[in-house]
Amino acid sequence: MANLTILRTYALKDPASLPRSILFSHTETSLTIYDAFPKSMFHFLILPRASSKPEANELDSLRTLLKGDKARAKQVISALREDAQTLRKEIEDEMLKRYGFKWDVWTGFHATPSMQHLHLHVLSADLCSEKMKNKKHYNSFHPKIGFFLDVDEVLSWFDAEDSYFAAMAKLDPKDHEAFLKQDLACFHCGSAMKNMPALKAHLQEEWDKQAARVKAKLERKRQLEEKSDTVENSDQVHSKKQKADSNTQ
DNA sequence: GTTCTAGAAC
DNA sequence: GTTCTAGAAC
1 MANLTILRTY ALKDPASLPR SILFSHTETS LTIYDAFPKS MFHFLILPRA SSKPEANELD
61 SLRTLLKGDK ARAKQVISAL REDAQTLRKE IEDEMLKRYG FKWDVWTGFH ATPSMQHLHL
121 HVLSADLCSE KMKNKKHYNS FHPKIGFFLD VDEVLSWFDA EDSYFAAMAK LDPKDHEAFL
181 KQDLACFHCG SAMKNMPALK AHLQEEWDKQ AARVKAKLER KRQLEEKSDT VENSDQVHSK
241 KQKADSNTQ
């Protein structure tokens, strides 16, 4: 049985004491760690640091955070979002370096997470991974099902009416667990998948197609730029020649 | 969160 | 007979 409070212990520790194999980076207020069971090609968690047990209790989950002071909750979530945007750029650099193109990065919370301590998932939009093993794993990250809550959506609750905020902030596990049992459907094209092996093969095909499509587009763009550079250069040579000609006239 | 495995599904 | 899912884990 995995340790369900491991993230809480990280959040309370001095980041310098965490091994590099776990910790990716940190700031004054947050830690970015590698997800131990990545469900996409890139998958990180960003957690708010805690300096005391009471503070860690407040940060136990999205539900407990939203139950407390609203301004404080908004500040914590906004700070995590900021860190996620920085991380996203780093992921995109790595995508380019490793695969020659970049694709979407999702940033969101699980409505009812199984591990304690608030954590923001930052993962590439492919859901292609060895560790993606069952329906619950997949549906918990499917962007349209409702279990995975985009950070911007959560932040939008703060600007809505109080009654709406209260309704969303409940995050009752009973309401969300049904989402995880929904039939398997591809998040790219929506087609129904009869089981996990079929879904995984299909997701890999979708990613391969996307890679080929984006790379072909990049290549066309590169060739166009090369062509226009050549034209520009020859224009310059041409105009210089004209200038030289006019000088001699 | 994972591992294990009984029995359903094919 | 093999693949796959889904619930228990003392």
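For the first sequence, counting from 1, position 14 maps to 14 in UniProt numbering; every step adds exactly one.
Don't be surprised by glycine CBs; every beta carbon is placed ideally from N, CA and C.
Between the CA atoms of Phe24 and Arg88 - distance to the nearest angstrom: 13 Å
Given that a residue counts as buried once 16 or more other Cβ atoms are within 10 Å of its Cβ, and exposed if not, what is Asp83? buried
Should the stretch 126 to 143 be called in touch with the stretch 176 to 189, which here means at least 3 C-beta pairs below 8 Å? yes
Report the residue ranges of all alpha helix (DSSP H) runs contained in full by the UniProt domain "Aprataxin C2HE/C2H2/C2HC zinc finger" (146 to 209); include only those spanning at least 4 residues, in chain order. 151 to 157, 162 to 169 and 173 to 180
Please list, in chain order, all residues of the same chain as Gly68 whose beta carbon is under 8 Å from its beta carbon, the five residues on each side excluded. Glu58
So is Val122 buried or exposed if we call it buried at 16+ other beta carbons inside 10 Å? buried
Quick check on Lys144: buried or exposed, where buried means 16 or more other Cβ atoms within 10 Å of its Cβ? exposed
Given a threshold of 16 other Cβ atoms within 10 Å of its Cβ, counted over all protein chains shown, does Leu203 qualify as buried or as exposed? buried
When the Cα of Leu118 is compared with those of Ala56, Val231, Glu161 and Pro19, which residue comes out closest? Ala56
If you draw a straight line from the C-alpha of Thr248 to the C-alpha of Thr230, how long is it? Summary for Thr248: the model assigns pLDDT 41, below 50, so the residue's position carries little reliability, and this model does not support an answer.
Could you tell me if Pro48 is buried or exposed, where buried requires 16 or more neighbouring beta carbons within 10 angstroms of its beta carbon? buried
Distance CB(Arg63)-CB(Leu171) smaller than 9 Å: yes
Just to check my reading of the structure: Asp151 and Arg81 have Cβ atoms closer than 8 Å, yes? What is that Cβ distance to the nearest angstrom? Looking at the sequence shown, residue 151 is not Asp but Val. Right, their Cβ atoms sit about 5 Å apart.
For my contact list, Ser30 and Ile46 are in at a C-beta cut-off of 8 Å; report their separation, rounded to the angstrom. 6 Å
Please report the straight-line C-alpha distance between Phe148 and Gln223, rounded to a whole angstrom. 40 Å
Please state whether the Cβ-Cβ distance between Leu65 and Phe165 is less than 9 Å. no
How long is the line joining the alpha carbons of Ser17 and Thr32, rounded to whole angstroms? 14 Å
Rounded C-beta distance between Gln116 and Asp35? I'm assuming under 8 Å. 15 Å between Cβ atoms; not a contact.
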